[in-house]
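Residue numbers (this note's numbering), protein chains in the order written: chain A, -6 to 321; chain B, 43 to 298. We treat Cβ as the ideally placed atom computed from N, Cα and C, and that holds for glycine. Given the structure is predicted, the values throughout are model-derived calculations rather than measurements. Structure first, then comments.
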């Protein structure tokens, strides 16, 4: 008999990623409705000290799987350990973030257990005792509600930055259960990890994104977007046109063949608003567009628009934001 | 080197999406393309073949119109195509992966490629599931690769950087945008593609039945996003408009 709702704890540089708190907050509600306990799964090396505080975000229990070989994420190492835990404890549902790691691990675990996996979800609700998940398709041009009626565990990954994080219950600790971890034969050998040194947030997790398109005219002009981004603590994104022109790397692309983002504020500079770009950022809470073409498609979705030269507007926005933030 | 590429036919990324009278995604009049990520996979397979010699086979599961996408890959330079016809009403990633893995298990391969995800359901699952079923290692979101005799060294995207991973072959790799610039099929390629082998198999040919591959996930309903309310253009010269915008973001939109 399956029991418990599980959340995978994702770390980056030894810290718990925000998406983990988002998942715990959403899963807590579901667990309460079902009268089930909420468990977090924390594989890694030297991670046990992070476990108790997960209680503040709703975890009743944390399964800590410590092993030397889990220091860095590998597909095989994490799949072997996590799938074995699932087999042993048989949770009802298991949630992860739709991140590079979560997306990878969830698929391998789901197939090993021959169960269903719903990816990139933005909502979960309980209806007549069944968990119903909402997920975008065609990069957000449409949505579908899906369920996994029979196979267990029900697995789902959630888009970061969408589920609200509940207020932490300071001082509440989770019960820590140390489990044995056997990473087994790891066939992916890590040769190198190259981090881009950046003080800016990741695109998919940023509250504010400043994005530039064809209107940027060249790679050298992104410095004005970076200056604006650094004032408001934003990530810098780009349209497909700018990526395909070779101005900025693919990792910055927002859209159907890039990243799907949902920040609080999305500032589109010199972006015409092709349908495939709108698909990637249409769920932003507030969209600002700066474009010199008053007919640009982006103005149809923008909450606020400025028709004019971005090279004039962006530096003024930077100065105004700086003044505003200094005064508050 | 024998290379397989798993492919999917998808809606054009420029396609407008709507619902039909039964509330499902309307497929009428939508132009279909080879999933862009699978195009990167095909291109990379061809480059590896050009360097090391060998054979590229493309494989897909679906209805007869998927042949168009397979023919495109043949026109690009793939040697042969395999189409598993699975005209099932309801499928999920488990269904497709189980079918393709069964077909692949009867084939010879040193390396398998797939796109890292499809632009329609965006679920990024089938390639990983196939690798799991076949018992071969998988490396996803590859944006650069060096393939040697018995191993591949792949650079893959992770949040905030890249990771370089070595795997022994046979392995499954999935292609991320940036891996390469896919070639356009030449006129000669298009003509040759018509004569290249297109093997068609049914589930029964693979010794499978519909019940065996029944989906785990069921779609309950589809809906369109609520349209965004019309925004406002802040009038005036750029300096005044920019100042007014920042004020509006704080006072009206209550952000920042």
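Closest by C-alpha distance to residue 191 of chain B, out of B/223, B/91 and B/263, is B/91. Residue 201 of chain B belongs to the set of residues whose beta carbon lies under 8 Å from a beta carbon in chain A. A distance below 7 Å between beta-carbons, with the five flanking residues on each side excluded, links residue 195 of chain A to the following residues of its chain, in chain order: 228. Cα atoms of residue 309 of chain A and residue 283 of chain A: separation of roughly 12 Å, rounded to the nearest angstrom. Within chain A, the residues placing a beta-carbon under 7 Å from that of residue 167 of chain B are 100, 110 and 112, ordered along the chain. It is roughly 13 Å from the alpha-carbon of residue 155 of chain B to the alpha-carbon of residue 139 of chain B. For residue 288 of chain B, the uninterrupted alpha helix (DSSP H) segment begins and ends at 280 to 293. Spatial neighbours of residue 158 of chain A in its own chain (CB-CB distance under 6 Å, excluding positions within 5 residues in sequence) are listed in chain order as 14, 15 and 18. Per DSSP, the continuous beta strand (DSSP E) segment holding residue 284 of chain A begins and ends at 279 to 284. Ranked by how close their Cα comes to the Cα of residue 221 of chain B, the residues B/188, B/115 and B/227 have B/188 in first place. Contact with chain A is found for residue 284 of chain B, since one of that chain's Cβ atoms lies less than 8 Å from the residue's Cβ. Per DSSP, reduced to three states, the secondary structure at residue 163 of chain A is coil, with no helix or strand assignment. For the stretch 246 to 262 of chain A, the beta-carbon criterion of a distance under 9 Å to any beta-carbon of chain B is satisfied by 246, 248, 249, 250, 251, 253, 257 and 258. Shortest Cα-Cα distance from residue 25 of chain A to any of A/231, A/-2 and A/224 involves A/-2. Residue 310 of chain A reaches chain B at 284, 287 and 288, counting residues in chain order whose Cβ is nearer than 8 Å. Around the beta carbon of residue 246 of chain B, fewer than 16 other beta carbons sit within 10 angstroms, so the residue counts as exposed.
In this structure, DSSP gives residue 214 of chain A a helical state, which the three-state scheme calls helix. Under the 8 Å criterion on CB atoms, residue 205 of chain B is classed as interfacial with respect to chain A. Counting along the chain, residue 18 of chain A sits inside the alpha helix (DSSP H) bounded by residues 11 to 27. For residue 265 of chain B, the number of other beta carbons within 10 angstroms of its own is below 16, and it is reported as exposed. With a cut-off of 8 Å on Cβ pairs, the stretch 168 to 187 of chain A is not in contact with the stretch 137 to 150 of chain A, counting fewer than three such pairs. DSSP links residue 110 of chain A through a beta bridge to A/148. DSSP places residue 316 of chain A in the uninterrupted alpha helix (DSSP H) bounded by 303 to 320. The beta-carbon of residue 162 of chain B is placed less than 8 Å from the nearest beta-carbon of chain A. Think of a sphere of 8 Å around the beta carbon of residue 58 of chain B: the chain A residues whose beta carbon falls inside it are 134 and 268, in chain order. Distances from the CA of residue 134 of chain B to each of B/213, B/145, B/104 and B/215 were compared; the closest alpha carbon is that of B/104. Contiguous beta strand (DSSP E) elements confined to the stretch 233 to 261 of chain B occur at 240 to 244, taking only those with 3 or more residues. In this structure residue 69 of chain A touches residue 177 of chain A by the C-beta definition: roughly 7 Å separates them, less than 8 Å.
Identification of chain B residues near residue 244 of chain A by a Cβ-Cβ cut-off of 7 Å yields 199, ordered along the chain. Neighbourhood of residue 261 of chain B in chain A, by CB distance below 8 Å: 137, 138 and 139, in chain order.
By the C-beta density criterion, residue 121 of chain A is exposed, having fewer than 16 other C-beta atoms within 10 angstroms.
For residue 69 of chain B, no Cβ of chain A is located within less than 8 Å of the residue's own Cβ. The shortest C-alpha to C-alpha distance from residue 119 of chain B to any of B/283, B/229 and B/243 is the one to B/229.
Under the 8 Å criterion on CB atoms, residue 181 of chain A is classed as interfacial with respect to chain B. Here DSSP, grouped into helix, strand and coil, assigns residue 73 of chain A to helix. Residues 134, 135 and 136 of the same chain have their beta carbon placed closer than 8 Å to that of residue 259 of chain B, with the five preceding and five following residues left out of the count.
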